[in-house]
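Have a look at the structure below, then the notes.
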Amino acid sequence: MTAEPVGMDLKTGAAEPLAAHEIRAMRERIDEIDQAIIDLWQERARLSQEVGRTRMASGGTRLVLSREREIVERFRAALGADGAQVALMILRAGRGPL
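Under our numbering, the letters of the sequence shown match residues 6 to 103, in that order.
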């Protein structure tokens, strides 16, 4: 186990007070963004569930694979391979597992 350098801010890992302050400010914004992502994720899941219920109540299918492929491709195009994984998790949150 190595000792922390003298003057190291333990929460930020920064050795200089100005850097620690900047890191705290950036992390505060990251936390705000994380909350917005969580809120949007939950809203999207509720809407997706409502779409599914409406579609099934009208005699339609549980899901529309072409729509799911379109969403996965949109995320892959914007975010790369990880985007496809994010899209699959988002879709699952809205429709449940296949």
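For each residue, glycine too, the CB sits at the ideal point set by N, CA and C.
In this text the structure is predicted, and so the values were computed from the model without any measurement.
- The alpha-carbon of A50 is positioned some 12 angstroms away from that of A92.
- Pairing G65 with G57, the inter-Cα distance amounts to about 9 angstroms.
- CA-to-CA, the gap between V77 and A89 works out to about 5 angstroms.
- Annotation: the continuous alpha helix (DSSP H) that includes D87 extends over A86 to R100.
- Nearest Cα to M61 within the set R100, L45 and E21: R100.
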